[in-house]
Amino acid sequence: MKPKTPENHFVLSSSPHAHANSSVRRIMLDVIIALLPTTLMGIWFFGLPALWTVLVCVSSCVLTELACRLAMKRENTVGDLSAVLTGLLLALNLPAGIPLWMAIVGSIFAIAIAKQVFGGLGMNPFNPALAARAFMLISFTGPMTTWLRPISRCCCCDATDVTTMATPLATMKRMFGVDATTSATPHFPKAMENLPSLWDMLIGNMPGCIGEVSALALAIGCAYLLWRKVITWHIPASFIATVFVYSLIAGGAPAYAQVLTGGVMLGACFMATDYATSPITAKGKLVFGVGCGLVCMLIRQFGGYPEGCSFAILIMNAVCPLINRWTQPKPFGAK
Amino acid sequence: MKTVKSPFKFKGGVHPDYNKELARDMPIERLPLPGELVISMSQHLGAPAKCIVKAGDEVKRGQVIGEKNGFISVLVRASADGKVKAVEKRLGPAGSSADAVILETVPPEDNNPAPILPPLDWKTATREELLKRVEEAGICGMGGAGFPTSVKLNPPPGKRCEYLVLNGAECEPYLTADFRVMLERADRIRVGVEIMRKILGMCAVRIAIEDNKPEAITAMEKAFADIEGNVEIVRLPVLYPQGSEKHQIYATVGRIVPEPPALPIDVGCVVENVGTVAAIADAVEKGEPLLERVTTVSGDAVATPKNILAPSGTKYSDLVAFCGGEKEHPAKIISGGTMMGFAVSSLDIATTKTTSGLLLLSSRKVFQYGSQACINCGRCLRACPMNLNPAEISKAVEADDIKTAENAHVMTCIECGACSFGCPAYRTITQFCRRAKASIRARMAAERAAAAAAKAAEDAKKEAK
């Protein structure tokens, strides 16, 4: 920001008189840049429907932000790019085949109800994109759990003409019960056959939300955010490590599959690290990440839904103020 | 004597643009005596001196014109011969006004005047003589805060100085005054250290210099090559606020000063700015009180940035004129450095014993903090060298909730500005901290006054009985 300085006037302000030149806009732009690889992979695998979902979500979020600020008679905050980011994140958390009007309703919910009602950027208690996703999952359960089959891009295309299928998570949920005597679950090796190969999991050749399938693209984006110092390692590392260790102990599907399928990578790197809704201290971030991983796996094993990642983050969002209170930093020189 | 790398690194800190190249190669130049000096009675931390001259009085260079007014106070001497034009309230560099002597100077009659105070041989002088000399020379910390040096050098009973830490970090952007003093007056610093060791007892010495001043490290190595005892030059990594007293103690000897009201002496340390140490040497050996200092005049709106030796009370306009004037209209004038300096409203303000820098910045270097909402990014927590939660404090003060700020240890804040520096929402976090501290101090003072009044009333009642 540039102050106005008429001739023979001097700017008076409290120190410091220097700034690192960072800005909210630049941070949002960095996160958008970091999301590009996974967005492109989503569009690659799910085609035009994915592209439309992204465009519709981003534009409805920006328009809703504008409308809310006008209605509240506050300054226009579209320029900080936070609405663009919320729209992009919401789209990446939706299945590609979602009817576009539902995407619009979700976007309006994300910005108007989950964000602006609380006062806008920085004031929202819940991650707006995830709040909208939860709202849509309850309101439009069918379309929100109908998954497009990834477009076969390899030469050895399989000939089935099925266009929708279950996500690997549904298979993996049944695998938790493998050892139970009463379970009517499929035979373990058979279930393994139904899971995508490790390579498919890494590049994202499996059903799922637009932005969650390609673990590799998400990892690249996360590395960019760490390099730009937009986020710290604490939440992604503790979240992913908790999911990994939990599934090692709980048995069932291989631990790597629990990490690479569903929303864990997207959630740990991009959703749980949302500034406003995660703890501010390093210690708090570790507690938060472990909590997210734990709740996510508890839902995956015992809950009614095959996936628990977004609910886990929302639940931990609610606990965040408490974690902040527990993990206040100890001042230099304090007893 | 040896040179070591800093063994301890404090948490937090930031890397502002240093911009030291503007003035670092400019040797110290003496300013020709200005026609008028504005000598403030409040050049130090603590009670302002009591002015003892009036309009029309003729004063000599070095004559006492302001008497020490309390324990934490420093006397003021005339920094030139001249006639007192007026004694009036003037705005100081820090934005508050204080009594000042307006002196119309006359050139000295004698080019080799007699010493103002009788020179002392520090080797034979007693500790009390040396301490008294520091006091009567009007020396206060020249790094910025201006704490009375004689008080610092005289620890209360039961406290002993184990480490004397020489602060040559000069971590403020733009400033190169201490750097030039270390280069050009290394021998004076050496003598100053010997004197201080005589006053404080034979303590260990740590000379702290940031890595980006290799010439200063070399100069100190040469000057201190044959010194006795435990003396180390500590190379500090370049990190703001490396020059903060508490962080310097941690970086050099690994001790942590407890929260206020604790002082460095509570952990056996005395920290002194290199310029102050040189001033002590001059006061003792040459009988020259602290009447002048080196000030860096820099910034992109100054024609030729310089390091200027000028008498205290020199008006900023005289310093700027000596630098060839303004290159362009400055948008901001800063007394001190860009991180902790004070923005001032005119060039009519005069220097004090603590004026280390004067910066004139063009509009390209000036930006404005605002009051956007905090996005909770945590950059201020990571930057805070005191490990506070500036985000929480700033939000509390914004909502006038001083109690929460106090519980979040706002009184421990050293106002270094690292939090505001990195804030992507351009929040005035440091200013919020200052506001909370001022409010808490005012409340404490009111409580003390109320307690004293209650006690007085009680006593009066007893008396009546």
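Just so you know, the sequences run in chain order A and B.
First residue of the first sequence: 117, per the numbering used here; consecutive thereafter.
First residue of the second sequence: -1, per the numbering used here; consecutive thereafter.
Built from N, CA and C at the ideal position, the CB exists for glycine as well.
It should be emphasised that the depicted structure is a prediction, and the values quoted were computed from it without experimental measurement.
Determine contact between the stretch 278 to 289 of chain B and the stretch 132 to 149 of chain B, defined as no fewer than three beta-carbon pairs at a distance below 8 Å. yes
Host beta strand (DSSP E) of PHE386(A) (start-end): The residue labelled residue 386(A) in the question sits at position 270 within the first sequence. Per DSSP, PHE386(A) belongs to no beta strand (DSSP E) and is neither H nor E.
Give the secondary structure of SER131(A) by DSSP, where H, G and I count as helix, E and B as strand, and everything else as coil. Your numbering for residue 131(A) matches position 15 in the first sequence. In the structure shown, SER131(A) sits in coil (DSSP, three-state: anything other than H, G, I, E or B).
Between the C-alpha atoms of ALA84(B) and VAL2(B), what's the straight-line distance to the nearest angstrom? Sequence index remark: in the second sequence, residue 84(B) carries index 86 (1-based). Sequence index remark: in the second sequence, residue 2(B) carries index 4 (1-based). Answer to the nearest angstrom: the Cα atoms are 52 Å apart.
Less than 6 Å between C-beta atoms, sequence neighbours within five positions excluded: which residues of the same chain meet that for GLU326(B)? Within the second sequence, the letter at position 328 stands for residue 326(B). Closer than 6 Å at the Cβ level, and outside the excluded window around GLU326(B), lie ALA299, SER360.
Answer with buried or exposed for GLU413(B), where buried requires no fewer than 16 other C-beta atoms within 10 angstroms of its C-beta. On the second sequence, position 415 is the one that residue 413(B) refers to. Buried is the call here.
Grab the span of the alpha helix (DSSP H) containing LEU318(A) for me, first residue to last. Start at 1 with the first residue of the first sequence, and residue 318(A) comes out as number 202. Residues 314 to 319.
Compute the beta-carbon to beta-carbon distance between VAL268(B) and LYS150(B), rounded to the nearest angstrom, for a pair I have assumed lies under 8 Å. One-based indexing of the second sequence puts residue 268(B) at position 270. One-based indexing of the second sequence puts residue 150(B) at position 152. Yes, they are in contact, since the Cβ atoms of VAL268(B) and LYS150(B) sit about 6 Å apart, within 8 Å.
Beta-carbon within less than 8 Å of ALA184(B)'s beta-carbon, same chain only, minus the 5 sequence neighbours each way: which residues are those? The count along the second sequence starts at 1 and reaches residue 184(B) at position 186. Closer than 8 Å at the Cβ level, and outside the excluded window around ALA184(B), lie ALA217, MET218, LYS220, ALA221.
CB of GLU372(B) within 8 Å of CB of CYS417(B), strictly: Translated into positions along the second sequence, residue 372(B) becomes position 374. Translated into positions along the second sequence, residue 417(B) becomes position 419. Reading off the sequence, residue 372(B) comes out as Cys, not Glu. It is not a contact, given that the beta carbons lie outside the stated cut-off.
Close Cβ partners of VAL435(A) (< 7 Å) along its chain, the five nearest in sequence each way excluded: As a position in the first sequence, residue 435(A) is number 319, starting the count at 1. Result list for VAL435(A): GLY407, in chain order.
Spatially closest choice to VAL251(B) from LYS0(B), SER4(B), PRO258(B), by CA coordinates: Here residue 251(B) refers to the residue found at position 253 when the second sequence is read from its first residue. For VAL251(B), the nearest C-alpha among the options comes from SER4(B).
Is ILE396(A) near GLY376(B), with beta carbons less than 8 Å apart? For this step, residue 396(A) is matched to residue 280 along the first sequence. For this step, residue 376(B) is matched to residue 378 along the second sequence. Yes, these two residues count as a Cβ contact at 8 Å.
Given this structure, state the Cα-to-Cα distance separating CYS271(A) from GLY163(A), to the nearest angstrom. Reading the first sequence from its first residue, position 155 is the one you call residue 271(A). Reading the first sequence from its first residue, position 47 is the one you call residue 163(A). Per-residue confidence for CYS271(A) stands at a pLDDT of 41, beneath the threshold of 50, marking its modelled position as unreliable; the derived number appears in the next sentence. Rounded to whole angstroms, CYS271(A) to GLY163(A) spans 17 Å at the Cα level.
Could you spell out where the beta strand (DSSP E) holding TYR391(A) opens and where it closes? Here residue 391(A) corresponds to residue number 275 of the first sequence, with the count starting at 1. No beta strand (DSSP E) holds TYR391(A); DSSP gives it neither H nor E.
Please report the straight-line C-alpha distance between THR353(B) and LYS7(B), rounded to a whole angstrom. By one-based count along the second sequence, residue 353(B) stands at place 355. By one-based count along the second sequence, residue 7(B) stands at place 9. About 29 Å.
With DSSP collapsed to three states, give me the class of CYS382(B). Taking the first residue of the second sequence as 1, we reach residue 382(B) at position 384. DSSP places CYS382(B) in coil when its eight states are reduced to three.
Between which residues of its own chain and ILE336(A) is the CB-CB distance below 6 Å, once the five residues before and five after are set aside? Against the first sequence, residue 336(A) aligns to sequence position 220. Only PRO153 meet the Cβ criterion.
My understanding is that ALA207(A) touches VAL174(A), with C-beta atoms under 8 Å, so please give their C-beta distance in whole angstroms. The residue labelled residue 207(A) in the question sits at position 91 within the first sequence. The residue labelled residue 174(A) in the question sits at position 58 within the first sequence. 7 Å between Cβ atoms; contact.
Listed by chain order, chain B residues near LEU237(A) by CB distance under 7 Å: Indexing the first sequence from 1 puts residue 237(A) at position 121. Correct list: ALA371, ILE373.
For the pair the stretch 219 to 232 of chain A and the stretch 195 to 210 of chain A, tell me if three or more CB-CB distances fall below 8 Å. Yes: at least three Cβ pairs fall under 8 Å.
Going by CA-CA distance only, name the one from LEU382(A), ALA250(A), CYS177(A), VAL329(A) that's closest to ILE224(A). Locating residue 224(A) in the first sequence gives position 108, where the first residue counts as 1. Of LEU382(A), ALA250(A), CYS177(A), VAL329(A), the residue nearest in Cα terms is CYS177(A).
Starting from SER77(B), find everything on chain A with Cβ-Cβ shorter than 7 Å and list it in chain order. Taking the first residue of the second sequence as 1, we reach residue 77(B) at position 79. For SER77(B), no chain A residue has a Cβ inside 7 Å of its Cβ, as the nearest lies near 26 Å away.
Indicate whether MET39(B) and ALA92(B) have their beta-carbon atoms separated by less than 8 Å. Within the second sequence, the letter at position 41 stands for residue 39(B). Within the second sequence, the letter at position 94 stands for residue 92(B). Contact flag unset, no.
Between the Cα of ARG249(A) and those of LEU128(A), GLN444(A), PHE427(A), ALA333(A), spot the shortest distance and give me the residue it belongs to. Looking up residue 249(A) in the first sequence gives position 133. Closest by alpha carbon: PHE427(A).
To be precise: take each residue of the stretch 128 to 150 of chain A, compare its Cβ to all Cβ atoms of chain B, and keep it if any distance is under 8 Å. Which residues remain? Correct list: LEU128, SER129, SER130, SER131, PRO132, HIS133, ALA134, HIS135, ALA136, SER138, SER139, VAL140, ARG142, ILE143.
Beta-carbon proximity of ILE50(B) to VAL57(B), cut-off 8 Å: The residue given as residue 50(B) occupies position 52 in the second sequence. The residue given as residue 57(B) occupies position 59 in the second sequence. Their beta carbons are not under 8 Å apart, which means ILE50(B) does not touch VAL57(B) by this criterion.
Which chain A residues are close to GLU257(B), counting only those with a beta carbon under 7 Å from its beta carbon? The sequence position of residue 257(B) within the second sequence is 259, counting from 1. Per Cβ cutoff of 7 Å: PRO447, GLY449, ALA450.
Counted within 10 angstroms of its Cβ, other Cβ atoms place ALA341(B) as buried (16 or more) or exposed: Indexing the second sequence from 1 puts residue 341(B) at position 343. With 16 or more Cβ atoms within 10 Å of its Cβ, ALA341(B) is classed as buried.
Pop quiz: ALA333(A) and MET317(A) are said to be a contact at Cβ under 8 Å. What is the actual Cβ separation, rounded to whole angstroms? Counting from 1 along the first sequence, the entry for residue 333(A) is found at position 217. Counting from 1 along the first sequence, the entry for residue 317(A) is found at position 201. Not really, about 12 Å apart at Cβ, beyond 8 Å.
Which residues, in order along the stretch 392 to 414 of chain A, keep a beta-carbon less than 7 Å from a beta-carbon of chain B? ALA392, ILE396, THR397
Taking three-plus beta-carbon pairs below 8 Å as touching, is the stretch 150 to 166 of chain B in contact with the stretch 302 to 314 of chain B? Contact annotation: the stretch 150 to 166 of chain B does not touch the stretch 302 to 314 of chain B, with fewer than three C-beta pairs closer than 8 Å.
If you follow the alpha helix (DSSP H) that TYR314(B) is in, where does it begin and where does it stop? For this step, residue 314(B) is matched to residue 316 along the second sequence. Here the alpha helix (DSSP H) through TYR314(B) covers 314 to 320.
For CYS325(A), which residues does DSSP report across the bridge? Start at 1 with the first residue of the first sequence, and residue 325(A) comes out as number 209. Answer by DSSP bridge pairing, in chain order: PRO211(A).
Short of 8 Å in beta carbon distance, which residues of its chain neighbour THR283(A), apart from the five on each side in sequence? Order them along the chain. The count along the first sequence starts at 1 and reaches residue 283(A) at position 167. Taken in chain order, the residues that qualify are TRP263, MET322, PRO323, GLY324, THR377, GLY378, PRO422, GLU423.
Taking DSSP as the reference, what is the three-state secondary structure of THR103(B)? For the purposes of this step, residue 103(B) is taken as the residue at position 105 of the second sequence. Correct three-state label for THR103(B): strand.
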